[in-house]
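J.: Everything in the sequence shown is counted per the UniProt record's numbering, starting at 1 for the first residue and increasing by one. Glycine included, each C-beta is placed from N, C-alpha and C at the ideal position.
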Amino acid sequence: MLDQDAGTTRDILLAARDLSKSFGAVRVLHGVSLDVHRGEVLGILGPNGAGKTTLFNIISGDIHASAGEIRLGGVALRGEPPFRRCQMGIGRTYQIPRPYSGMTTFENLLVASAFGGGRSERDSYAFCAGVLRDCKLADKANLRAGGLTLLDRKRLELARALASDPQLLLLDEIAGGLTDEESAALVGLVRRIRDRGVTIIWIEHVLHALMAVADRLMVLNFGEKIAEGAPQTVIADPEVKRVYMGIEA
Ligand SMILES: Nc1ncnc2c1ncn2[C@@H]1O[C@H](COP(=O)(O)OP(=O)(O)OP(=O)(O)O)[C@@H](O)[C@H]1O
Numbered sequence: 001m002l003d004q005d006a007g008t009t010r011d012i013l014l015a016a017r018d019l020s021k022s023f024g025a026v027r028v029l030h031g032v033s034l035d036v037h038r039g040e041v042l043g044i045l046g047p048n049g050a051g052k053t054t055l056f057n058i059i060s061g062d063i064h065a066s067a068g069e070i071r072l073g074g075v076a077l078r079g080e081p082p083f084r085r086c087q088m089g090i091g092r093t094y095q096i097p098r099p100y101s102g103m104t105t106f107e108n109l110l111v112a113s114a115f116g117g118g119r120s121e122r123d124s125y126a127f128c129a130g131v132l133r134d135c136k137l138a139d140k141a142n143l144r145a146g147g148l149t150l151l152d153r154k155r156l157e158l159a160r161a162l163a164s165d166p167q168l169l170l171l172d173e174i175a176g177g178l179t180d181e182e183s184a185a186l187v188g189l190v191r192r193i194r195d196r197g198v199t200i201i202w203i204e205h206v207l208h209a210l211m212a213v214a215d216r217l218m219v220l221n222f223g224e225k226i227a228e229g230a231p232q233t234v235i236a237d238p239e240v241k242r243v244y245m246g247i248e249a
């Protein structure tokens, strides 16, 4: 699927149209549309409860939208369960890490590589060893995932998503609680992942981390998109300042 963008034709990997979601009488997402171009990093900002994770849950198939449609590489995702979407190339992290606690770190990656990435067991070993190194988990390979520290469980979330070989990677608040040094290392890793050709959508409250790598930003508030565009333009927007940063113009 192609679109015209300021005179250039760019390839759209994910196209979402008019997504809405209500839980009972509570409307948490309303008419949200977005296009994500291959190879870009789209950052998503918004106050708590704005509907950011709900948007990810709809894209990954964890929940169904009340209305709207999503296409990945032009293919409609309607009705596809999460495991199929993973096999189609959508990898994600969860805000609260969800490892297989009784398995080792390495075994967690092998499962993702074999069942999500479709690799043979033999190929998975070398591939997952590389992912472990990238995510600074090599020395934790044989530890039970349930016994890892929160920081390492967050690293494992990212590593598992990478092991499934995504073309689209959804990152949900992976920088929270990191030191400045750890945050800078994470930004470096996200850049390297992008440079390998993976398209990324990153929900993050740690603004400086997001600003360091995002090509575009989108802002949600009360389930609606209130801004989208170049990062510097978006964060200078008076409405975004008011809603997200509590700054009145
Ligand atoms: N399964 C659910 N049932 C009922 N309400 C839900 C459910 N999931 C989310 N919500 C509500 O939907 C709204 C949006 O939640 P969501 O987690 O998408 O927000 P968010 O922007 O990701 O917030 P945060 O930055 O705090 O993670 C919230 O009011 C939340 O309580």
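Relative to ligand 1, is the shortest distance from any of its heavy atoms to the C-beta of residue 250 smaller than 6 Å?
T.: Lying before the first or after the last residue shown, residue 250 is absent from the chain, which here runs from 1 to 249.
J.: Hey, would you say the C-beta of G46 is under 6 Å away from at least one heavy atom of ligand 2?
T.: By its list of ligands, the structure shown excludes ligand 2, since it contains just ligand 1.
J.: Taking only the alpha-carbon atoms, compute the straight-line gap between R133 and A25 and give it to the nearest angstrom.
T.: 46 Å
J.: On the CB-based measure, 16 or more other CB atoms within 10 Å of its CB, does I44 come out buried or exposed?
T.: buried
J.: Is it buried or exposed, A16, if we count other Cβ atoms within 10 angstroms and call 16 or more buried?
T.: The Cβ neighbour count for A16, taken over all protein chains shown within 10 Å, is at least 16; the residue is labelled buried.
J.: With hydrogens ignored, establish whether the beta-carbon of residue 288 is closer than 6 Å to any heavy atom of ligand 1.
T.: In this structure the chain extends from 1 to 249, so residue 288 is not present and cannot be described.
J.: Quick check: does the Cβ of T54 come within less than 6 Å of any heavy atom belonging to ligand 1?
T.: yes
J.: May I have the straight-line CA-CA distance separating K52 from G118, to the nearest angstrom?
T.: 29 Å
J.: Within 6 Å: the Cβ of G49 and any heavy atom of ligand 1?
T.: If you check the C-beta of G49 against ligand 1, you find a heavy atom less than 6 Å away.
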